[in-house]
Structure formats: C-alpha cells, structure tokens
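Those sequence lines, one after another, are chains A and B. The first sequence lines up with residues 19 to 118 when you count with the numbering used here. The second sequence lines up with residues -1 to 561 when you count with the numbering used here. Just so it is clear, CB atoms sit at the ideal spot from N, CA and C, and this is done for glycine as well. Quick caveat, the model's predicted, so the values are computed rather than measured. Some notes on the structure that comes next.
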Amino acid sequence: MEYRIESRDDNTAKVVFSGDITFSENVAFRQLLKDLSAKNPKACVFDLSNVSMVDSAGLGMFLIARDQAETGGWRLSVKGASGHVAAMLKLTKLSDLLEG
Amino acid sequence: MTDIEKAGTKEPGRAAAVADEVSAAKILVVDDMPLMRAMIGTCLKRGGFTNISFAEDGQEALDRVAADMPDLLVLDLNMPKVSGYDVCRALRSKPETLALPILVQSASETAEERVEVFAAGATDFVSKPINQPELLARARMHLENKFLINSLSNFHSRIQAELTMAREMQHSLLPAQDYVDELERQSGSTIEAFYKASFELGGDLWGCWPIGDQKMGVYVLDISGHGVSAALNTFRVHATMARFEAYREDPAEFLTMLNSALQPAFPLGQFATMFYGVIDFSTGDMTYAGAGAPRPMVLDANGGVRLLDSSGLPVGIIRAPKYENRTDRLDEGESLFCYSDVLTEATGPDGDFLSEDGFVKFVSDCELEGARVTLVERLLEQFYIRVPGALPDDLTAVAIHRAPDYAALGDDTSSGKYVFKTRREAKKVATRLAAISHEPVGIAIGLMELFVNAIEHGCLGIGHKEKGQLLETGGLNDEIHRRRKLKEYAKNEVVVEFERTDSTLEIVVRDPGKGFLYQEFLSDDEGHEKKHGRGIFMAKNCFDELHYRGCGNEVRVLHRFPE
C-alpha cells in the first residue's frame, strides 16, 4: 500500500491510495491516521480507485479511521472503489457506513 | 498467561541478573606463557570474575572445552603444536561451540592479521600488552551479548511452543469427528470439512449442530486480522454462541443476539464475518443469514453453481445491525459449500489472486473431476498446487453434500451398457450404478476415478505428467474442450458394461486409448507415494476386486453384496 495526502485550500484533504490494503499495512495506516489528525481537516476523502485488493484487516482500518473522524469532528468518506474492493465493501455492507 | 506475567515482572531486574551471570561466567584463559596466564587471570579477578580456569596450549584448550564448556575463551594466537588459529577453526567446525565467544589476544596489529583472525572464527581482538580496562570491557560485552542472546532465544522458543499449543487449542473448538459422523447419519448427507490455521494464529472457526430430528445448523466465521487477539476472540465467540442455543433455528435472530453480546467486547477495527444457515433435510428448505462472509455456493446435481447472498454488516461493529433471513433450497444431490476468503484472496506465483469469479470457475472445474463427496478434498489439493507455500491466513472449507435420491436413480435392469464422452455424462452413469450397489458413496467415488481416467487419458490422450502441468496452470478444462474438437479424439468414447446378480455387481470400463503400464501402479507397497496412480489406488480401495486387462485400456471391478 502507498498513499499520498493532498491538502486543499478549503481545509479538506484527499488521501489517494494505491496497491493492496491488507493486514501487513497496519503500521503504515496508523501513521497515516496520525498525519491526518495533525492536519485536522474538516473533511477527508479516501480515494480507492487505484486499490486492487482489501482484506478484512484493511476494512477494519477503515473502521478505525471512521471512529477517529467521529471523535475529531471531521467527515470521512470513501470513494472510487471498484472490482474486489467494491465487492468487499458491498458484501460487508460497510459501503453504507463509509460511503454515505 | 501466568508465564507471560512472570516474564513481565522479571524485566526490571534483568540488568542485575545479567550482571550476576556475567561475573559468575566460566572463562578459560589459553596461553603458553605462565606469566601471561597469571597476568590475565589477575586482571579478570580484579574485574570481579570468579570462575577462571587455564590451559597451557591449544590441545589442552580443546580438551577442556570438550569436557566443560566455558562461557568465554581468552586465546593466545602463537602457541606451539596447536595454534590459536587452529583452536578457532576447530571450535567453529562444531555446532555446540559455533557461538562460543572467542577473544583473541595478540601483539601484532597488522590489518592482514586481523582479517585472518576473524576469518578463522574469532569473535573479537584484544591487543598485547594487555590493557586491563580494555580486556575487562570486551570480556563483559561479549558475555552480556551471549547471555542476552541465550535468554532471547529461550524466550523465542517458549513463544513458539505457546503458539503451537494455542493453535491446537483452537483446533479443539471445531466439531469432533464422531459428532460430525452422527450428524451425517442423521441428515443423510456427507460433510466434508477442512481447517488449517496459518503459521501465525488466525481467527477462523466453523461448526454444525443438529436442530431437532430433521434440521441442521452450520456456520463459518472469520475474525478480522491475525495473531493472538484474533485467535483469542474465536474462543470468545465460540463460548458466546453456546449461550444462544435457543435461537439456533432462526439465523437472523441468532446473529443479532451474537452481535449484541459481542459488540461491546470487540476492540475497535476488529469484527467477525459470518454465515449461518439452517437446512431442513425433510423438505430441502434452507434459511440463512449473512454477516459479510464470502458468498457460499450451492452446487446443483448437474454442477451448476449459485451464490447465496451472505451480505450483511460483520458481527461486532455497530450495536444494532439488521440481519435478514433469506431462503433457498438444498435438494437431494446438491451441495452447500462455505469457505474462508483466503481461497479467493491468496496470491499465486504470478502475483494474481483468484477472486470470487475465478474461484467459482475453479470449483466448477473441480466438480467435474470426480465424485461429488470428494469435491473439497480434490479442490484443496489443486489449490495447493496452484498456490504453493504457506498461506497468509487460515483456510476453512466446509461442504454439506446431500445424497442423491439413489432409489429413484438406480438402474433396475440386471445387465446393461452405457456409452459416454463427457465427465458430466460419466457422473450420471456413476450415480446410477452406485445406486444399485450396497455402498453408493464409495462406489460412486471409485467409478468416477476410473471414468475420469478413461476420458482424459484413454479418449483424449492426456498423460499423467501432462495433467499435472495443466492443473498447475489451471488449464485442464480448456485442454479437454480443445481436444474433444480435434478429429483424432472427437469420436472416442468410454464403454461401460455391467452385470448384476444376487451377490455381485460386476462393471467393465473400456476406452479406446493406448492403455498404460498398470502393473507398476497396482503394487500395494508404494501405492500412496506414486502420485500418478493415486486415482487408481483410491478406486482399488472402493471395490472388492479390481483388474486391468489388455494394454490397460480396460478395467474390470467387482462389488460383493453382503450376505
């Protein structure tokens, strides 16, 4: 997994992911959440269009991000999922929680 | 757990414990000059070391090491007979002294000499004349390293042992074989279940139970993530499920109750994907609810696959998810197949993973290759060929095969003949003949092994080695379809003739192929090791007699009815 944080002038942020988001990305993902809370955006979009695979641990990381957003008072949404990633979000109905 | 706590409380005193171990360490000083031995000995004693012994030359040093292993060697290089270099090399050539710290003392300081000393196996170097603080500092450092490494590797092997034990305990959560046997008998089905924990601990679990006389409940679940916390949670979930026995008949309600009990206890970001289904064997009705588990498959009698909608929020995320009951059917001759996501997500040598579509095709292809009740066994065998090595996650695969209605399918004539070209037709013939035998399940397995051989090898000329390669790349079915269209194979057929008496069922299978050297496949002693002959070996165990004839393109089997 690789990611790039794009900050915008209106204090929103976009995180563009690429590669696979799996259990082994645990540490990198936690670092990302630290970086995000340092920026303290009012809204953030996770762009998953370049992600080819996500496993259950990866979905768990999105839930942690969602919880951090709720605590920090910012809005998190997930966009651009396709293929296996979209199927996983749909199967676990996490799309309702994360894409809404 | 208590062991881990003990290790935890030990930590603060660790430095002092190492210091004690260091000063009591056994040090062997090797030097041919008495003055040098005395000087080094005094120096070490002043530094607080209490357990010092001496050797006068290289040979004595090796003898002493062999008799009583020291913790550190302080070694002179230039000695008569066996030199310091020889001592180093001798010690490093034996596994028990491979890691013994060797501190070499020498007057000469050339770069070449240092290289040679290290190449011979010395751990470190002290210069001559001996400088007391330097000698003590180096001796302490190497002893501390040695003791810390020892304690670390002890810790490591203990953790390994505990993980192994934890994996075994996790295994004990799965249904016991006699319990499964009883359920099979009650439900008139065959239950095929495989579970393999990954090298790390994982969080898969499956189970089944009878509900009344006619129903059976079956679940598969996968706790997100890996490692100890996921594994511990399987115990939590297993124990919690036992509390909701009263809700077992209603899958959605069962998941709702389970979620309400588990959700407050689950750590953030961890959850369980799950499927729970209840099958009524008297009517074929199936009711199920999903919590995001991989979509189970129902394979109909003709090998057609339909996917069940197991979508739903995984257990443990929000307080009150809405689970829905959905209905489907599991008729006679159909199979329900549940599996964990490692089968769709593990990557092969080419870096690709199967994904759901690919896996459905994989299952359909495997279905054709043998009797239905061996589907999961054959499927996993082929899966491991395509995805070799250790899997990144637990593997669970559970199938419930409802027996076909043999009474309605059986061939009621006393003799007859079948002719077929495809594996699908072969399956029907196998079922009809199995139905008139005394052991339909076993006879169907044996006949399918012989029929598949007759089609692939006999009619289509696919060799054993070639088939192995095709299985590795996943190209077997395409190759079968390709050959069937070629002129040289298009007309080839398998001919099956049977004759039934009051006491026996005799079946002869004939193909137009070149046959094979069957004698070497049939020797009992090596049967299992000869991979190519595995199918034949299996078939042999299914019948009372099995004989190849001619060039090996004809096989006759005999099944005896019990008196």
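Delimiting residues of the beta strand (DSSP E) encompassing residue i
i      : result
B:L266 : Note, B:L266: premise wrong, no beta strand (DSSP E); not H, not E.
B:R547 : 543 to 547
B:I189 : 187 to 194
B:C206 : 202 to 209
B:Q103 : 100 to 104
B:F514 : Segment: none, B:F514 is in no beta strand (DSSP E) and carries neither H nor E.
B:L556 : 552 to 558
B:I221 : 213 to 221
A:S95  : 93 to 97
B:S258 : B:S258 -> not in any beta strand (DSSP E); alpha helix (DSSP H) instead, spanning 249 to 260.
For residue i, the nearest candidate out of the options (CA to CA)
i      : options                        : result
B:G346 : B:S338, B:S309, B:G387         : B:G387
A:T40  : A:L116, A:T89, A:E20, A:G90    : A:E20
B:A442 : B:H557, B:N257, B:N49, B:L150  : B:H557
B:S413 : B:E491, B:V450, B:E495         : B:E495
B:W204 : B:A395, B:V555, B:I434, B:T238 : B:A395
A:G101 : B:N143, B:G356, B:H545         : B:G356
B:R317 : B:G331, B:Q57, B:A263, B:A405  : B:A263
B:L445 : B:L468, B:R165, B:R421         : B:R421
B:G511 : B:A88, B:G461, B:E247, B:V235  : B:G461
B:F541 : B:E504, B:G548, B:G550         : B:E504
B:F210 : B:A195, B:R480, B:I434, B:S280 : At residue 210 of chain B the sequence reads Gly, which differs from the Phe that was named. The option with the nearest alpha carbon to B:G210 is B:S280.
B:V63  : B:M31, B:A97, B:F47, B:K79     : B:A97
A:Q86  : A:D114, A:N68, A:S55           : A:S55
B:A88  : B:E160, B:A117, B:E330, B:Y416 : B:A117
B:I277 : B:H479, B:Q158, B:E330         : B:E330
B:D66  : B:N49, B:D179, B:V553, B:L544  : B:N49
B:G301 : B:Q103, B:S333, B:G310         : B:S333
B:A137 : B:D122, B:K126, B:P127, B:L146 : B:D122
B:W207 : B:Y177, B:L33, B:V493          : B:Y177
B:H399 : B:S21, B:M163, B:E190, B:P127  : B:E190
Residues bridged to residue i [DSSP beta-bridge criterion]
i      : result
A:K57  : A:K57 is not bridged to any residue.
B:L305 : B:M295
A:N68  : A:S36
B:I25  : B:I50, B:L70
B:R482 : DSSP, once it has assigned bridges, lists no residue as partnering B:R482.
B:H399 : B:T188, B:S333
B:Y40  : As written in the sequence, residue 40 of chain B is Thr, which differs from the Tyr given in the question. Looking at the DSSP assignment, B:T40 forms no beta bridge with any residue, so it has no partner.
B:D122 : B:L101
B:L393 : B:K194
A:A31  : A:S25, A:C62
B:R324 : B:Y286
B:T271 : B:D220
B:S412 : DSSP, once it has assigned bridges, lists no residue as partnering B:S412.
B:S417 : Ser is not the amino acid found at residue 417 of chain B; the sequence shown has Val there. Answer is B:V493, bridged to B:V417.
Partners in chain A for residue i, counting only beta-carbon separations shorter than 9 Å
i      : result
B:E561 : Those do not exist, as B:E561 stays about 55 Å from chain A at its closest Cβ, beyond 9 Å.
B:G290 : S74, L77, M106, L109, T110, K111, L112
B:L311 : T110, K111, L112, D114, L115
B:D220 : S74
B:E343 : T40, M71, D73, H102
Contact set between residue i and chain B, taken where Cβ atoms lie within less than 8 Å
i     : result
A:G90 : Neighbours of A:G90 on chain B: none; closest Cβ ~14 Å, over 8 Å.
A:M19 : Near A:M19 there are no residues of chain B at all, since even the closest Cβ is about 15 Å away, more than 8 Å.
A:L81 : L266, G267, F269, I315
A:D13 : This structure leaves residue 13 of chain A out entirely; chain A is present only between 19 and 118.
Within chain B, partners of residue i - CB distance below 9 Å
i      : result
A:S100 : Simply none; closest approach about 12 Å.
A:D27  : Neighbours of A:D27 on chain B: none; closest Cβ ~32 Å, over 9 Å.
Neighbouring residues, chain A, relative to residue i (Cβ below 7 Å)
i      : result
B:F269 : G78
B:S353 : H102
Chain B contact residues for residue i, given Cβ-Cβ distances below 7 Å
i     : result
A:F41 : G223, H224
A:D53 : Result: empty, since nearest Cβ-Cβ is about 18 Å, beyond 7 Å.
Extent of the continuous alpha helix (DSSP H) to which residue i belongs
i      : result
B:G45  : Run containing B:G45: none; DSSP gives neither H nor E here.
B:T439 : Before going further, note that residue 439 of chain B is Val rather than Thr in the sequence given. Start and end: 438 to 451.
B:K336 : The sequence given here places Cys at residue 336 of chain B; Lys does not occur at that position. Careful: B:C336 lies outside any alpha helix (DSSP H), inside the beta strand (DSSP E) at 333 to 337.
B:S362 : 353 to 366
B:L199 : Where B:L199 is concerned, there is no enclosing alpha helix (DSSP H), given that its DSSP letter is neither H nor E.
B:D61  : 56 to 65
B:R532 : 532 to 540
B:F242 : B:F242 -> no alpha helix (DSSP H), and no H or E assigned at all.
B:V85  : 82 to 90
A:G90  : 74 to 90
A:V103 : 101 to 109
Cross-chain neighbours of residue i in chain A, by beta carbon under 8 Å
i      : result
B:D339 : D73, S74
Item to check | Length-filtered (4 minimum) alpha helix (DSSP H) runs lying within the region 454 to 510 of chain B | outcome: Correct list: 462 to 471, 474 to 483, 485 to 488.
Those runs of the alpha helix (DSSP H) which lie wholly inside the region 127 to 180 of chain B and span at least 4 residues | DSSP runs (the alpha helix (DSSP H)) wholly in the region 127 to 180 of chain B: 130 to 169.
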